[in-house]
Structures are given as C-alpha cells and as structure tokens.
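Chains as they are written, first to last, in the numbering used here: chain A, 1 to 546; chain B, 547 to 1092. Glycine is no exception: its CB is placed at the ideal position from the N, C-alpha and C atoms. Keep in mind the model is a prediction, meaning the values are calculated, not measured. Working notes for the structure below.
Take a look at the structure:
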C-alpha cells in the first residue's frame, strides 16, 4: 500500500482554496500511485479557526468541503482533519476529528481525545474530548489514527489522565498515523522528534506524521513531517517552511525501501529567520495585501525587519520611511540610507520636527512650564506613528511593527508610537537574538550595515540617550527575561540563581507594569515557546508580581 | 447552625488585602453568631488569576494565605475558594477548589468538576476537572458544596457529560452551598436565578449561593448572592455591585425565619450604569491611580463616559480635554462646555489645528497631491490621541476610551486616535443603549446637555460629516450587530430574518475587516453576554465571513 503525506499551507476559513488544494494533491498523489493520502489536522478549515467554530454555518461549510473532497476519492482514499458535530445531547457541540474517506464515502470518523488548552491553544473552548477509540481498516491493514496531541501524553508528568494509543494498541494495529497542526518554535522540532520516536518505540509500530505548514497571523506552522520505523528511527523528514507531497510504500508491517537517516539540526537562528520570512509573506498573501511600510531609524531592529520584509515581499514592495528628529544622531540617517541602498527598497524621508514643535507649542499652556520628560519623548515617537500610519492609509501599505521582545517585555516603547503596526515581526525575538539574526542575514554579503550592528542601541528621544542608561546590558536582561517569561520562574527563584536582587526585582516590575501596553500591541509572530499575545494571558490590574 | 455569606470585592493576586478582608469578615460574622462563613470561588487570589496560576510561587502564596485564614478559624468554620495542587502524577497541576476549614484546620477539600472554557473563561487552561465528590459534615449537617459552574449543567442541552450534584445527592445532603465567581452581564442575573432555583427544586434542597462582587479589569462581578428554599423560592437576595455580609439560621433541614420574596428586576440600563461606574472605580482603585483624562467632543459618547467617570472618581479627578479642529461645528465646544459646567469636572481646551497643519505640510511631498481622504481624517483623530496621551504622560492621568460598541463593531474609529485609552468604558454598549444611558443619567436632573442628545451623531473629521453618511440608522445597525455578535448568526441567517441582503453583507464585512483594529484596543468593560476582547476570539487573517 502506498501512503502519501501532504504537508500543505492552508488559509483559515478559505474553503474554496483549501478544498481546491486538497483535491489537487489527491490527484498529484494518485499519479504517483498512492492508495491513501494523509492531510493535516483541521486541514479543511485551517488551524486555529478560533470562534469561527461558534458559527453553525462554518461547521456546515467544513462538512460541505469534505463531501466535495470525498467526490474526488473514487480510486484513492484520504484522511482529512475537520471539526465534526457531536450528535450526543450532552457535551460540547463539536469534535476535533478526522474523516477516513474511501470510495467516495466517509468510512470512519476519528475524534481527538487530548485537547491542548495551554499557551496559544484553546481547543477545549470548542471541542468535546473523545472517549472511544477505533482503528481503521484499509486494504487489509489496521491503522491506528490519532490527531496531534493524542500522541503527546507519554512523558513522566503527563498533562492528561487518558492515553488514546494505549486503547488503540489493544486492537493490534500495524501502523500509526498522526495528523497535526503543531506550531513552530525554535525548540519544537527537536521535542517533536523525541515524542514521536518515543511513541514508535513504545508501541513498536512504524509511524507516519503529517504537519501543517504556513503562517496564520501570529502562529507559524513549520511542516517537517516525519516517518519513523518501529524502533523509533527516522526514515524520512520533510522540508521545513515549505509545502511537500511524498509517497511511502507500506507492506509486511513496515515502510519499504527506507533506511534510518541522521537528521541535520538547523541552527535556531536559521529556523527563526525562515519562520519570520514565511510569517510576513503569509500575513500579506492571506490578507490580500502586497506592500509594507515601516519606520527605518538606522537602528538594528528596524533594519532587520526591513531586510526580512524585503525577502518576504520583494524590495520593490517595501517602503522604508526615515523620520529624523532634532535628537537623531548624524549617523542615523546615513545608516538607514546604507541599508536602503544595500537592499534596494523604496524610501521616503519625512522629518518630524514641525509636528513635534507644533505639539510642544500646543501643549505649553496645559503643561505650565513643567520640565521635559517622558511626555515629550512620547510625542516624538507618536508623531512618527502618525507619519507611517498616514503612509499606510494613503497608499494601502501595511505597517510592520519593529519592536523586539526585550523592549516589549520591559515596556521600553511608546504605545501608539513605535508600538503601532499590523503585525509584530520581531516581537518574539530577544535583542541578543536580533544580533544573531543580523549576523545570519549578513552571512554571505553585507545587508545590515556594519555601523547599525556595532553602535550602542538608542531610542534617540533625548540628547545622547542610550538603552544602557535605563536598562542593564542585554545579555543579562535577556537571561532574566527568559527565566521569567519562558520558564515562569518567580523573582525569588531567579535571584536564587545568582542574579542581583535589586536588578531582578526592577526588571520584573518593569515587565508587569508594561502588561497594559502589551495588551494593545499588534499580533506578534511566534517563534519561541512563550510569545507575548494569545499564548500569555496575564491580569492587567493584578497585584502579584507588580 | 448559623451560616454567613460574605459577598466581597477581591483584588487579583493581592494576598495581603484579600486575606485581611476575609479575616475581618470572619470576625464580623463571629460577632453576629455565625458558625460558618462562606466566601466565594477563588476568593483567596481573586478571579480570574489567568497565567499567574502558572507560577508555582503564586499557588504557594494562595496556600499560605489559606493557612493564615485557618489560624483565625478557631471558633468559627469557613469555606473558601482557592487553587490547590493536584498531587496525582497525571493531569493538570491544579484544581479549582474550596477548603472547608474548622478548628483551625483544613478538614475537607472540594474540587470543581465543570470547568467553564467559553467566552471570557479559560479554566481548563489551568485546572484538572474533579471526578470524585464528597459531602461535608459540619455540626451534624451534611452539606453538598459545589463550585459555580458545577450547578450549571441542568439545561436541556448540557455542555458537560458529568453532573456533580447527581453524585452528591446520593449521599443525602441536607443543604446545598455554591460558591461562585459569576460575572455580570445585563441578562445574567435572571439566568442565574432560574438555574439556581432549578437546582433547589431538582434536588429538593435549600441552596445558599455566594458570588464575588467588584471589577477585575474588564470583568465586573455583580454580587447578588441568593438564598433559596427547597421548592426553589427565593428567600433572600443580596445587593448588586456592593459588598455585603448576611447571616442565615439553618435548622431542621431548612432556613429559618425567612419567607419567599418577590425579587425586583432592575432595568438593564440601570444595571449597566452601575456596572460601568464600578468598573471605572475598581480599575483606578486596584491599579493605584486617582485621576482620569478623556477627550470631550461635544458628542454623546464622550459625554456619557465623562459623566460615569465623575460618578466613579469624583469630578475633581476627571480632566476633560476639548480639542476642536477646523471641522468642528460651532455647537461642539458649547455642548462640551455645557457638560463640564453641569458636572463640575476639570477641563482644558487644546486646538489641534497647528499639529494637523504641520502633518499636512510634512506629508505633502510624499502624498504627491492626492486628494483628501481617510489619511487626513485619521491624522486629526491621531493628533487628538497625542494630545490626551501627552496629558496622561505629563500628569499621570489615565486615559478613558470613549468608543461605543456599534462603532467598535464596524471599525468606525481611528486606531491610535480615538481608539486610544487604558480602559474602554462603553465599548460593550451599543449606540442605541448609549441614548438609554443618557436618559437614565439625566433622570433626575440634566447632566448630559440636551443638544448633545438630540443632534445627529458625527465624527466631525470632514465638513458636514454625519455617521448616517456611511452607516445605516443605529436602530437597524445595532439589531444586525446583535444577531451577529451576541448570537453568532451567519449573514444568511440574518438575511432570512428579513433584513436587506446588501446591508447585512456590508455590515458583516465591516465587522470582520475591523478585527485587526479591535485586536489592539484597550480592554473593554464587559456588560453584555458577548463583549469584544478576551471573550471573543476571531482569526485576523481568516477568510470566512470577511
């Protein structure tokens, strides 16, 4: 029996394009002799559909799409993920399910039991967990089909009390298939390989695993579908951040003609780079926009975003706006222009002095001669926000936000100023990783100008300002932030690791008092296991930690 | 036996104040002869603690607070809600639980089985559902204690497959106690009374129910704790939007000395008014701020917010900023000043012309003579945003957002302009309800100036602009929005009700294309069953509905 894995990029709720893509790949697989094509979790509607699932019409459209796909399954079978209605009176109205379609008909429905409801996941908001499990018989082969998380409960501190494969194995299946929508983070590919290999070994069965690929607003799926033998050896690994269809021969209880491979672990920063480029590209492609705008300061953050955007959209579709103020250093414009010239994107220079001066005069009576402070600094940042949004509104460009994770964390940014944008490109990338990203982007030729990389970071909102005036060095800052944000360690636990107490308390207080700012920031492309946004839900007026 | 219900206003993660408040009310109840005091769900830490629950230190602090409370339970028992650790290896690490404390010790732990995970609720993100149920014995009385949602599964389309009271009733309890954190919406008090009465009748037991009161950022708890006899008659109803302690005598299987009462249903608009005033007050009190700032346009939305803020904070703590532009009508400033005079708040007049003109000149080369459009309209709104944020930054005022639900819905507002603010006061109040709110506020004396109420709504961003130029009348608009937002009806279902097809499709498209704007708006005080914010999670680049 020939089994094809279709690793595809879906668009949430775009039934027309998803269905067509699935049918095209059924036909492509058929030409390659496949008997069965396996598509990902919730492939019919894309993942995560969120509250679209609360519209009955939406689930009806999923069912209609599945029927349309079924009509193309005359000489080929398929497994396809979609939400299906719960016909029982009690319990939630839907299951996260998969159809096994053969000879034009739905022959079996597999339901997901373990519903991830942590970080960016909200599956128990919509779905009833499955409690019964049944293998699928196809051409004399018994298949144990599971959906994503259903294979992820085998560690020593299991999150769920149930384990679907422990039930399915009693029916003596010959092969495991798992369909997934498993989002990227820079450490997730390694975890995934371990968990899947552990399943193959534990149940002593070959395993075929297919993942989604592509970005859905802030969540990026990386693909990297995998095939294992019954000893947990990797027999094949599909590409990352790309669509792919591959066909495997299964006979006599094993995958034929494949030898164990040694997988090559891509460096984290290369994965992050590719995820961000795909994240930008899919945000634009799927929302029907072509052109981006961003403020280019001469600093490293906006330079990186500009370079990534040019790779995703083409330099001709990226408008960089240089907005010097009276506090901009001489080299800032030069550094920004060097990038524009290196990269070939479109640019405008719009000085903000006149607007900032107008506000200073307008506010003078109300400000009653109080000294220059944060208020005036923020006016400048917000004038820049108005300029780039004006370019966006006039020309239909989409504004890219250039805040990095370190500054998002400590609130080192102006709400409605540099925190504007439709999508946060590097808001999940710490400043120390930003430098690694610059080195990676520059690996073959200089794209990010050297001076941009080597000069001390500054917001340039008052004379001679440097990030290091109010923040510790980024190396220390990022380590403390990682302990607090990614690992959810309390300040006392972080201090116990040897960090200076006053510093830890000051940083964590900064993070918590900036919670209200992050509530209003754009969605941020998620590349770490814990990004700001939907995956991190903190009280705004809570007292603990603040 | 005397049972006290303590309906209190907690502060999330403020262990010091919550613990002190609980101990104070234990002592108050003791003076009134109580044997047992019942506090609400998650009283120790406040509700919803969200991802604070992922910090081990946080749950340790909850336990420490409970032990401190227990030390004060020598001659009095209490029931108190808190998260407790799951000591089993498998399953989530916490339970949403209650301690029954007697003679200074935790004598019983009751765990919640039904975990709400819809709308604003995310309980399955943190908690393992209970699967075993045990009544509590206290002074010879068997008490069936449940936590909030555990009594809410008795309708004809139950959301859960389990029903905790069906298990507890087998142990022959004499009384039911339910501790809750049940948030306000203008229709929730009626639902609550029905569900609780149905439980009393179904199990033929008296029922004591205690709710939280107070606002936690966007979520407002309304109190309204209730006492029922075994026939489902209401014996007592505690006040709404206020703290309260009441003591009841329970003997011979029933509550003594109480007769069934006829509850008086407050009009929706009065409840909304009280919820919004409490929402503002608690936002400021719990974040430690005193003074608010808002832009006052002369229109009805900002007038309402100003009036509510004055009631919550005192007029001396409310700074209204009047920001006329060249498109402001003659009467706008007058209407705004009439309100200021009626209400006695602080005010400033800061014209935005100079800043708007500066931007027009600055943008002219880039705009290349293109005609006036949305870009220039938004510049004005954003100049106002800069002015009010400058007042906020200079003086530490907190900016109140004045967008109503109708305009939030259709995207009739400028991101980083009039959509700025720390908290959205009326973002869950439709425009048609805004007029009802004005009438309610004006019921005794004119607060909102008559001309503000009667003039046609306008954003005044271009000459002679009226809302009705681009929107249908608000009566029709709000009805369509309600079907789509509150009831999750698809456009085809709404059209089938007789609304004009083109209009419905246009409005729903407006709602969906504004999703990216709402993602970046402030938290909105929730007064309806479906508010924008955490309770409504829609894909941003999804295709369905857009």
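Taking only beta-carbon positions, decide if residue i is within less than 8 angstroms of chain B.
i	result
residue 441 of chain A	no
residue 385 of chain A	yes
residue 238 of chain A	no
residue 346 of chain A	no
residue 149 of chain A	no
residue 312 of chain A	no
residue 350 of chain A	yes
residue 283 of chain A	yes
residue 118 of chain A	yes
residue 506 of chain A	no
residue 526 of chain A	no
Would residue i be called buried (16 or more neighbouring beta carbons within 10 Å of its own) or exposed?
i	result
residue 702 of chain B	exposed
residue 777 of chain B	exposed
residue 178 of chain A	buried
residue 968 of chain B	buried
residue 497 of chain A	exposed
residue 164 of chain A	buried
residue 619 of chain B	buried
Report yes or no: is there a C-beta of chain D within less than 8 angstroms of the C-beta of residue i?
i	result
residue 543 of chain A	Among the protein chains in the structure shown, which are A and B, there is no chain D.
Express the C-alpha separation of residue j and residue i in angstroms, rounding to a whole number.
i	j	result
residue 211 of chain A	residue 8 of chain A	8 angstroms
residue 818 of chain B	residue 1077 of chain B	13 angstroms
residue 1058 of chain B	residue 1027 of chain B	11 angstroms
residue 242 of chain A	residue 878 of chain B	57 angstroms
residue 857 of chain B	residue 938 of chain B	20 angstroms
residue 745 of chain B	residue 695 of chain B	12 angstroms
residue 104 of chain A	residue 70 of chain A	5 angstroms
residue 985 of chain B	residue 1034 of chain B	30 angstroms
residue 60 of chain A	residue 355 of chain A	53 angstroms
residue 978 of chain B	residue 518 of chain A	32 angstroms
residue 720 of chain B	residue 755 of chain B	15 angstroms
residue 352 of chain A	residue 838 of chain B	29 angstroms
residue 26 of chain A	residue 76 of chain A	8 angstroms
residue 1083 of chain B	residue 51 of chain A	5 angstroms
residue 123 of chain A	residue 85 of chain A	15 angstroms
residue 501 of chain A	residue 495 of chain A	6 angstroms
residue 700 of chain B	residue 660 of chain B	12 angstroms
Listing by chain order, which chain A residues have their CB less than 7 angstroms from the CB of residue i?
i	result
residue 992 of chain B	Per Cβ cutoff of 7 angstroms: no residues; residue 992 of chain B is ~28 angstroms from chain A at best.
residue 900 of chain B	358, 361, 362
residue 920 of chain B	393
By DSSP's criteria, residue i is part of a beta bridge. Which residues make up the other side?
i	result
residue 780 of chain B	B/774
residue 724 of chain B	B/692, B/755
residue 629 of chain B	B/642
residue 865 of chain B	B/839, B/892
residue 111 of chain A	A/97
residue 1020 of chain B	Bridge partners of residue 1020 of chain B: none, in fact.
residue 276 of chain A	Partner(s): none; residue 276 of chain A has no beta bridge.
residue 246 of chain A	A/5
residue 216 of chain A	A/219
residue 624 of chain B	B/583, B/647
Which chain B residues are close to residue i, counting only those with a beta carbon under 9 angstroms from its beta carbon?
i	result
residue 27 of chain A	Neighbours of residue 27 of chain A on chain B: none; closest Cβ ~23 angstroms, over 9 angstroms.
residue 538 of chain A	596, 597, 598
residue 203 of chain A	Within 9 angstroms Cβ-Cβ: nothing; residue 203 of chain A doesn't reach chain B, min ~18 angstroms.
residue 89 of chain A	702, 703, 704
residue 161 of chain A	634, 636, 637, 674, 677
Any C-beta of chain A sitting closer than 8 angstroms to the C-beta of residue i?
i	result
residue 1100 of chain B	Residue coverage of chain B in this structure runs from 547 to 1092, which leaves residue 1100 of chain B outside it and unanswerable.
residue 556 of chain B	no
residue 560 of chain B	yes
residue 1062 of chain B	yes
Regarding residue i and the ligand FAD, is the C-beta to nearest heavy atom distance less than 7 angstroms?
i	result
residue 32 of chain A	With respect to small molecules bound, the structure shown includes none, and the ligand FAD cannot be examined in it.
Please compile the residues from chain B whose C-beta is within a distance smaller than 7 angstroms of the C-beta of residue i.
i	result
residue 230 of chain A	Going along chain B, no residue has its Cβ under 7 angstroms from residue 230 of chain A, so there is no contact; the nearest lies around 26 angstroms.
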